[in-house]
Structure formats: structure tokens, C-alpha cells
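The sequence shown begins at 400 in the working numbering and counts up by one. Each remark here refers to the structure printed beneath this line.
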Amino acid sequence: MPYPDEQQVGLDFTAAKTALRAAGMRGALHTLGMKSSEPVHFEAAVAAYRTTLDDGMRNLQPLEWAATQNNLGNALFRLGEKEGDTAHLEEAVAAYRAALEERKHDRASLAWAWTQVNLGQVLSVWSDRESGTAHLEEAAIAYDAALSAFEQAQADDDADLCRATLDCLLARLVQRTRQLGFLRVLHLGRG
Numbered sequence: 400m401p402y403p404d405e406q407q408v409g410l411d412f413t414a415a416k417t418a419l420r421a422a423g424m425r426g427a428l429h430t431l432g433m434k435s436s437e438p439v440h441f442e443a444a445v446a447a448y449r450t451t452l453d454d455g456m457r458n459l460q461p462l463e464w465a466a467t468q469n470n471l472g473n474a475l476f477r478l479g480e481k482e483g484d485t486a487h488l489e490e491a492v493a494a495y496r497a498a499l500e501e502r503k504h505d506r507a508s509l510a511w512a513w514t515q516v517n518l519g520q521v522l523s524v525w526s527d528r529e530s531g532t533a534h535l536e537e538a539a540i541a542y543d544a545a546l547s548a549f550e551q552a553q554a555d556d557d558a559d560l561c562r563a564t565l566d567c568l569l570a571r572l573v574q575r576t577r578q579l580g581f582l583r584v585l586h587l588g589r590g
């Protein structure tokens, strides 16, 4: 059965959509982007996230501001993946790093760890689009930081997943550099 149109119910659907909470709309746009092959939903989510970010929000609700920055990073990351655009990946890295300015390890350790994972993920994808190792190294460092936080919080499943990803990143670094001694420079302390 088809959904009724605006005239059948006597509602202005545009006004109803506008009345939705902004956070719900941003999340809905992001979810639509994940399910669609078209980047337009991610573009809309990015615009919606950006409109809510301001210094007032950061000062009054720093963790909410950081969560919005993290979600902006997620949308930019997915947009960069879909479009093959390194500029969006660079913006995603900036958004995650901004989120980490407020999502401190001592204030919100698991949220901080997941933002580190997000940062590591985008840096890893970015590294696939270049021949150097700088972004791959940064990805490994971000995952190592997240792993430490997960272990400290005794989040075993998250730590296992993070450890497996870190192992893959380190293997990619070895493969890319072809120098086993290079890993000592990272001082990751994993053995």
C-alpha cells in the first residue's frame, strides 16, 4: 500500500521534515549515504553536520561538539571513499583530530579510542592512494593508541579487533618499506 501524499493527510511534509531534530536528520542522511551508491546523501550529511558546529556549541557542550566532529569525519570519509577523493579524506582527518581535542582519553576513554580507530581507518585508506608510508605510519600509531585504551578499559572484543587491524597495518608497513628495522622507529612496543 503506498504512503499517502500531503493533501490526503492534510500535512505539509516539508514542515514536518524541518521539525525533525537536527541530530536525527544528520544521522538519517548519513545512513542513507551508507545504503546508497550516490554520494548526495553524504554531501547533505556533511552540510548538516557543518551547520551545527560552532564555538558556542563547543564551549557549552564540548563532548557533543566532539561527537558531531567525529560524525562529520565519518561522513567525509565515506564521501572520500565513494568519490575516490583525497581532499575529503584530508578533511575527515582534520575533523577526527578536532574531535580528539575535546574527546580526551581521561574524560571519555572509549569514545576517544573509537575516534582514534576512525582516524586510523581513514589514514589507512589514504595511504592506499600514495606510495609513501607517512599516512600508514600515522594509522598504525592511531590504532596503537586505541588498542591501549581498549585494553585499559578491558574492552576485550574491541581490543582484539583493534589488535588484528594493527597487525595488518604493521605487515603493510613492512611490505611497503621492505625494511624490518623500520618498525623500531615507530616505538609501538608491541611484540
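Idealized CB from N, CA, C, for every residue including glycine.
DSSP, read as helix, strand or coil, puts Gly472 in helix. The region 473 to 493 and the region 501 to 513 do not touch, with fewer than three beta-carbon pairs separated by less than 8 Å.
Look at Gly483 here: in three-state DSSP terms it is coil, with no helix or strand label. With respect to the 8 Å criterion, Leu499 and Val445 are not classified as neighbours on the basis of their beta carbons. When the beta-carbon positions are compared, Glu437 and Ala465 stay at least 8 Å from each other.
Minimum Cα-Cα distance from Thr514 among the listed residues Ala491, Val573, Leu452 and Asp453 corresponds to Ala491. Of the residues assessed, Ser526 falls on the buried side of the cut-off, its CB having 16 or more other CB atoms within 10 angstroms.
Here DSSP, grouped into helix, strand and coil, assigns Ala493 to helix. Annotation: the continuous alpha helix (DSSP H) that includes His534 extends over Ala533 to Gln551.
Shown here, Gln460 sits in coil according to DSSP, grouped into three states, outside any helix or strand. If the five residues before and after Leu475 are omitted, its C-beta is found closer than 7 Å to the C-beta atoms of Val445, His487, Glu490, Ala491 and Ala494, all from its own chain and listed in chain order.
Ala539 places its beta carbon 8 Å or farther from that of Leu518. Approximately 7 Å separates the beta-carbon atoms of Leu535 and Ser523; this is inside 8 Å, confirming the contact. Comparing C-alpha distances from Ala497 to each of Thr467, Gln460 and Gln574 shows the shortest one belongs to Thr467. Here the C-alpha atom of Arg457 lies approximately 10 Å from the C-alpha atom of Thr451.
For Leu452, the secondary structure class from DSSP, reduced to helix, strand or coil, is coil.
Between Glu550 and Ala558, the gap from beta carbon to beta carbon is short of 8 Å.
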